[in-house]
Each structure stands twice: as C-alpha cells, then as structure tokens.
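If you're matching positions, the sequence shown starts at 1 in the UniProt record's numbering and goes up one per residue.
Glycine included, each C-beta is placed from N, C-alpha and C at the ideal position.
Fair warning: this is a prediction, and the values are worked out from it, not measured in the lab.
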Amino acid sequence: MKLDDLRRNWDGLGRVDPLWAILAYPERHRGGWEGHEDDFFATGREAVDEVMAMLDRVGATPAAMDRAMDFGCGAGRLTQGLAGHLERVDGVDIAASMIELARRHNRAGDRVTYHLNESSDLSLFDDDTFDLVLSIIVLQHIPNGLKTGYLEEFVRVLRPGGVAAFTVPSHGDWSIEGIVRRLPNSWQNVYRRRRYGYDEVMEFHPLKRSRVEAVLRAAGAEVVHVEREFMAGPRYTSFMYVVRKPAVTEP
Numbered sequence: 001m002k003l004d005d006l007r008r009n010w011d012g013l014g015r016v017d018p019l020w021a022i023l024a025y026p027e028r029h030r031g032g033w034e035g036h037e038d039d040f041f042a043t044g045r046e047a048v049d050e051v052m053a054m055l056d057r058v059g060a061t062p063a064a065m066d067r068a069m070d071f072g073c074g075a076g077r078l079t080q081g082l083a084g085h086l087e088r089v090d091g092v093d094i095a096a097s098m099i100e101l102a103r104r105h106n107r108a109g110d111r112v113t114y115h116l117n118e119s120s121d122l123s124l125f126d127d128d129t130f131d132l133v134l135s136i137i138v139l140q141h142i143p144n145g146l147k148t149g150y151l152e153e154f155v156r157v158l159r160p161g162g163v164a165a166f167t168v169p170s171h172g173d174w175s176i177e178g179i180v181r182r183l184p185n186s187w188q189n190v191y192r193r194r195r196y197g198y199d200e201v202m203e204f205h206p207l208k209r210s211r212v213e214a215v216l217r218a219a220g221a222e223v224v225h226v227e228r229e230f231m232a233g234p235r236y237t238s239f240m241y242v243v244r245k246p247a248v249t250e251p
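1. Between the stretch 119-132 and the stretch 206-215, do three or more beta carbon pairs fall short of 8 Å?
2. Less than 7 Å between the C-beta atoms of Val242 and Ala60, yes or no?
3. What does DSSP give as the partner residue(s) for Phe130 in the beta ladder?
4. Could you pull out every unbroken beta strand (DSSP E) segment of at least 3 residues lying fully inside the stretch 10-74, listed in chain order?
5. Beta-carbon separation of Asp131 and Asp66 under 7 Å?
6. Can you give the beta carbon distance from residue 252 to Val16, rounded, assuming they're within the 8 Å contact cut?
7. What's the call for Asp93, buried or exposed, on a 16-neighbour Cβ count within 10 Å?
8. For a minimum of 3 consecutive residues, which ranges assigned as the beta strand (DSSP E) are wholly contained in the stretch 191-238?
9. Please tell me whether Gly76 and His105 are closer than 7 Å, where the distance is taken between their beta carbons.
10. Nearest chain C C-beta to Val201 closer than 7 Å, yes or no?
And the structure:
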C-alpha cells in the first residue's frame with residue numbers, strides 16, 4: 001500500500017463509517033456510534049488519562065506540558081482528551097473527511113488545531129515543536145516503510161526533554177487466525193471487503209519491537225519504557241513505547 005492508497009482508504013472510511021473506523025467495536029459497525037458520540041469521546045479522555053498516569057508511573061512526564069501532537073487524530077477522540085492536560089494540541093491526519101469531522105466536534109476552541117497532512121513526513125512542523133507526541137492504534141495501519149519515517153519524525157518534532165508515547169504491534173500468534181493474518185495484505189483485503197462491506201480497507205502492518213527500538217535510537221531518542229498493550233486484539237503481541245528526546249546539556 002502506498003501513501004496515496006492509505007489516504008484514499010481513510011478518507012473513504014471517514015465518509016462512510018468514521019467513528020467505527022477509529023474505534024471498531026463490532027456493535028458499532030455501520031453507523032452504530034451515531035447518537036453515542038459522547039460515549040465515543042469519553043473513551044478518548046479515559047485513554048489519555050491512562051497514558052498520563054503511565055507516564056507519571058514510569059518517570060516520563062514531559063519536561064514541559066505546553067504543546068502536544070495527536071498523530072492520526074481521526075475525529076479528534078484523543079485530541080480532545082489531550083486538551084484536558086496541555087495548553088495547545090495539534091491533531092494531524094491524512095484524511096480530509098476525518099479532519100472535517102474533528103473540527104465539527106472540537107470543544108476546546110482555539111487551543112486545538114487540526115491539520116490535514118498528506119505527506120510521508122511531518123514537515124508542516126518545525127524541529128523541537130512539541131512536548132508530547134501521542135499516537136494510539138494508528139501506526140498499525142501504516143505500511144512499515146512509511147511507519148519508520150514517521151517514527152523518525154516524532155523524534156525530530158519533539159522538544160528536548162519531550163516525550164512520545166505510541167503503540168505498535170510486533171507480531172501475531174500462531175493460531176489459525178494468526179497465520180491467516182500473516183498473509184499479504186492484498187490477499188487479506190479481499191476478505192476484509194467481503195466481511196465489512198466497504199471498498200475501503202484497514203490494513204494491518206506489525207513491526208518487530210527490535211526494529212522499532214533500533215529506528216528510535218538511530219534517530220537520537222532514548223527508549224524510556226516499553227510495555228505490553230492489548231488494543232491491537234488478542235492475536236497480536238503489541239507494545240506501548242515511551243521515548244524521550246534528550247535534553248540539551250550546557251557545555
């Protein structure tokens with residue numbers, strides 16, 4: 001899958017079933033979140049609160065708490081949650097339909113800004129811009145060649161002393177379902193279209209923990225903490241990564 005395919009898929013999902021595409025509870029398929037938007041955004045506040053508590057627990061609270069980025073913000077589920085903790089939040093997404101929806105649901109005024117980013121980098125932001133970068137259940141849908149580039153960009157846009165927290169599945173299990181999920185995405189997409197009834201698909205791209213950590217360290221980040229997380233589903237070993245951009249030391 002190329003970048004333009006990724007954009008086209010998520011822009012399409014943002015038009016046909018946006019909230020389910022972000023939080024794919026089976027009972028919410030085909031517009032099931034309609035009328036339950038408050039519940040949807042409440043899950044974002046809860047998720048952000050849990051991340052903040054985890055950062056405090058592992059001694060990784062950012063040096064400052066001024067500005068954050070929500071990468072792959074979708075409809076702004078986590079962006080709105082971040083606004084309860086930081087002064088300014090930037091939500092970034094590849095899908096114009098998602099950005100439009102996020103702006104409609106913004107309840108934090110000009111403290112939150114949503115950006116359409118159709119690039120394979122984050123060049124819309126300068127170096128050393130953010131105290132916190134957050135990305136949950138997003139990178140798993142991005143092909144690994146693009147994913148590693150975005151990880152490098154997370155480090156670049158962090159301020160010295162800033163922290164990134166994000167999830168990436170490492171590998172699947174060896175159950176029958178797990179083996180099927182190791183097939184090429186082009187094969188799995190046939191099944192996905194039949195099962196969910198949409199031309200647009202959500203591909204899945206695990207990346208080994210060793211590779212993730214190598215990319216981060218090569219980019220200059222300190223890997224502060226890694227722990228298992230289960231949002232990718234029971235068939236995957238997946239991790240929450242916490243990395244810090246080293247503070248600048250005076251000579």
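Reading it off the structure:
1. no
2. Counting from one through the sequence shown, the residue named residue 242 turns up at place 242. Counting from one through the sequence shown, the residue named residue 60 turns up at place 60. Taking 7 Å as the Cβ cut-off, Val242 and Ala60 qualify as a contacting pair.
3. By 1-based counting over the sequence shown, the position of residue 130 is 130. Leu158.
4. 67-71
5. Along the sequence shown, one-based indexing puts residue 131 at 131. Along the sequence shown, one-based indexing puts residue 66 at 66. Going by C-beta atoms, Asp131 is nearer than 7 Å to Asp66.
6. In this structure the chain extends from 1 to 251, so residue 252 is not present and cannot be described.
7. For the purposes of this step, residue 93 is identified with residue 93 of the sequence shown, where counting begins at 1. Of the residues assessed, Asp93 falls on the buried side of the cut-off, its CB having 16 or more other CB atoms within 10 angstroms.
8. 222-229
9. To locate residue 76, count along the sequence shown from 1; it is residue 76. To locate residue 105, count along the sequence shown from 1; it is residue 105. Closer than 7 Å, so yes.
10. Although the question refers to chain C, the structure presented lacks it and comprises just one protein chain.
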